[in-house]
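Asker: Residue numbers (the working numbering): 5 to 383.
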Amino acid sequence: MRVESRNFVKRRSGGEKNHDQIKLCLTGRSTMALWFRNAFQLSTTRSLNHLSGRAIFTSARRQDAPDSTETADTRIRDWISKIMSKTHVQDDVIDPYKLHLLDLTLPSFDRTRRLSPKPELNTPIIPGTELTFFPPLVPTEELFADGTDPSYSAPSPFFRRMWAGGEVAFDPHNPLRVGQKLSCETTVEDVQLKGWEKARETGTLDKDTMIFVKQRREVSNEHGFAVVERRTHVYRPELVDLPSAEATGKKQVTLHSDQLPPDEQFTFTPSAHTLFRFSALTFNAHRIHLDPIYSSQQEGHEDRLVHGPMTALLLLRFAHFKMPSENHIAAFKYRATHPLVVDRPLTLNLAWTGERRAAEVWATNQEGIVGMRGSIVFT
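Right under this line is the structure:
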């Protein structure tokens with residue numbers, strides 16, 4: 005496995021042509037063209053201009069505290085400049101054995117739970133499976149106390165990381181296949197600050213102060229670009245006072261009034277074993293998925309949380325299982341709206357739109373609260 009990290013890396017030979025090809029193949033239909041332009045245009049917004057003022061914030065730190073004269077504004081400004089100026093390139097291989105382990109980890113939609121064979125070489129993989137590729141290659145001793153890797157993590161005191169959402173487009177003419185060697189080029193194309201003006205005025209950070217980091221990942225095989233993905237993480241300050249059970253219970257996102265009734269549903273209960281296996285497959289040591297005491301006492305959650313990428317992958321796999329055989333998943337856009345918790349029933353919902361050329365998908369907990377919602381476009 006090869007890993008490179010360097011500043012302003014030039015695109016690999018043939019990349020510009022291949023990138024144009026993926027745009028062309030995805031924009032052949034008017035619906036897809038509009039979605040692709042909106043979802044994947046390179047952002048010109050840069051959040052450094054949000055840092056025009058100066059404010060000193062204080063919070064308990066899990067790392068050594070910076071110099072007392074250093075302001076949060078300066079730390080954030082320097083950090084944004086650093087992460088947006090580098091390109092990270094990493095290789096991986098679509099291993100049939102790892103795909104087999106993933107199949108054994110996730111629920112079987114036909115409810116048979118029969119032992120499926122390992123996938124054959126050169127078989128197209130289910131879109132979304134690439135969310136489990138390209139794990140963070142960080143030595144154990146360099147992980148933070150919460151188990152997260154430092155690659156794109158926000159500076160002190162924004163230690164609480166969660167998966168906020170993403171969008172992904174697939175080239176239907178160049179699907180990823182079992183056994184292929186892959187390369188992923190990652191850049192940070194945008195950093196957004198929320199609640200910063202209020203924090204600057206008061207000199208304190210609260211639950212509404214957040215940093216959103218948007219990565220752009222371009223995955224290619226020997227034929228060129230195959231997947232273009234954006235993923236967004238949100239970083240929040242450390243909790244000083246844990247929320248009460250009553251306050252936590254009020255943080256609910258129910259179905260929108262215009263939500264379509266589901267045409268398809270599937271309910272299962274993700275267990276601690278499920279979360280552990282998915283963490284292992286993705287080389288993810290984040291303790292909110294593994295440690296009930298840490299998740300509740302340090303992060304204020306009800307219990308361990310279901311992984312954001314696992315929920316997104318389940319929605320894609322469910323749509324793939326239910327879609328007409330002649331269809332192919334071309335694009336998926338989604339947003340996490342509420343934590344989904346271990347050992348609680350989780351329901352995957354799908355509503356067809358546009359004569360089954362598109363679908364709305366969402367995941368709900370046992371109370372009907374939406375934990376993730378998204379839209380899928382088929383070709």
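From the three backbone atoms N, C-alpha and C, an ideal C-beta is built for every residue, glycine too.
All of these numbers come straight from a predicted model, not from anything done at the bench.
Please go through the region 289 to 352 and give each complete beta strand (DSSP E) segment of 3 or more residues, from N-terminal end onward.
Answerer: With a minimum length of 3 residues, the continuous beta strand (DSSP E) runs that stay inside the region 289 to 352 are 333 to 340.
Asker: Look at Tyr101 and Ala158 and say whether their C-beta atoms are less than 7 Å apart.
Answerer: Result no, Cβ atoms of Tyr101 and Ala158 do not sit closer than 7 Å.
Asker: So, with DSSP's three-state summary, where would you put Pro100?
Answerer: Of the three classes helix, strand and coil, the one that applies to Pro100 here is helix, per DSSP.
Asker: Out of Arg235, Arg291, Val172 and Val365, which has the shortest C-alpha to C-alpha gap to Pro265?
Answerer: It is Val365.
Asker: Mapping the DSSP letters down to three states, classify Met376 as helix, strand or coil.
Answerer: Of the three classes helix, strand and coil, the one that applies to Met376 here is strand, per DSSP.
Asker: Specify the secondary structure class of Ile215 as computed by DSSP and reduced to three states.
Answerer: DSSP places Ile215 in strand when its eight states are reduced to three.
Asker: Does DSSP classify Ala149 as helix, strand or coil?
Answerer: Coil, per DSSP.
Asker: Arg221: buried (16+ other C-beta within 10 angstroms of its C-beta) or exposed?
Answerer: With 16 or more Cβ atoms within 10 Å of its Cβ, Arg221 is classed as buried.
Asker: Are Ser120 and Asp107 close, meaning C-beta to C-beta below 7 Å?
Answerer: It is a contact, given that the beta carbons lie within the stated cut-off.
Asker: Touching or not, the region 192 to 204 and the region 346 to 355, by the rule of three or more beta carbon pairs under 8 Å?
Answerer: With a cut-off of 8 Å, the region 346 to 355 and the region 192 to 204 do not count as touching, because too few Cβ pairs lie within range.
Asker: By a C-beta neighbour count over all protein chains shown, 10 Å radius and 16 as the cutoff for buried, is Met376 buried or exposed?
Answerer: Met376 should be labelled buried.
Asker: Can you tell me the Cα-Cα spacing of Phe387 and Asp114, whole angstroms?
Answerer: Because residue 387 is not part of the residues shown, which for the chain are 5 to 383, the question remains open.
Asker: Taking contact to mean at least 3 C-beta pairs separated by less than 8 Å, is the region 163 to 171 in contact with the region 335 to 346?
Answerer: Output reads yes: the region 335 to 346 touches the region 163 to 171.
Asker: If you draw a straight line from the C-alpha of Ala367 to the C-alpha of Ile130, how long is it?
Answerer: One C-alpha to the other measures close to 19 Å.
Asker: I need the DSSP call for Arg281, collapsed to helix, strand or coil.
Answerer: Note: Arg281 maps to helix in three-state DSSP.
Asker: Asp77 lies in the beta strand (DSSP E); which residues open and close that run?
Answerer: From DSSP, Asp77 is part of no beta strand (DSSP E) but of the alpha helix (DSSP H) over Ala76 to Met88.
Asker: Rounded to whole angstroms, what's the CA-CA distance from Leu209 to Leu320? Just pull it up for me.
Answerer: Their Cα atoms are separated by approximately 36 Å.
Asker: In whole angstroms, what separates the C-alpha of Arg360 from that of Lys326?
Answerer: Going by the C-alpha atoms only, they are around 10 Å apart.
Asker: Where Thr357 and Ile380 are concerned, what is the direct C-alpha to C-alpha distance, given to the nearest angstrom?
Answerer: Cα-Cα distance, rounded: 10 Å.
Asker: In whole angstroms, what is the alpha-carbon distance linking Gly445 and Phe138?
Answerer: Residue numbering for the chain in the displayed model covers 5 to 383; residue 445 lies beyond these limits and cannot be assessed.
Asker: Please state whether the Cβ-Cβ distance between Pro176 and Ala334 is less than 7 Å.
Answerer: Taking 7 Å as the Cβ cut-off, Pro176 and Ala334 qualify as a contacting pair.
Asker: Can you list, in chain order, the residues of its chain with a C-beta nearer than 7 Å to that of Glu146? Leave out the 5 residues immediately preceding and following it.
Answerer: Closer than 7 Å at Cβ, skipping near neighbours: Pro154.
Asker: May I ask you to report which of helix, strand or coil DSSP gives Leu197?
Answerer: If DSSP states are grouped into helix, strand and coil, Leu197 belongs with the strands.
Asker: Looking at the structure shown, is Ala416 part of a helix, part of a strand, or coil, going by DSSP?
Answerer: In the structure as shown, the chain starts at 5 and stops at 383, and residue 416 therefore has no counterpart that could be examined.
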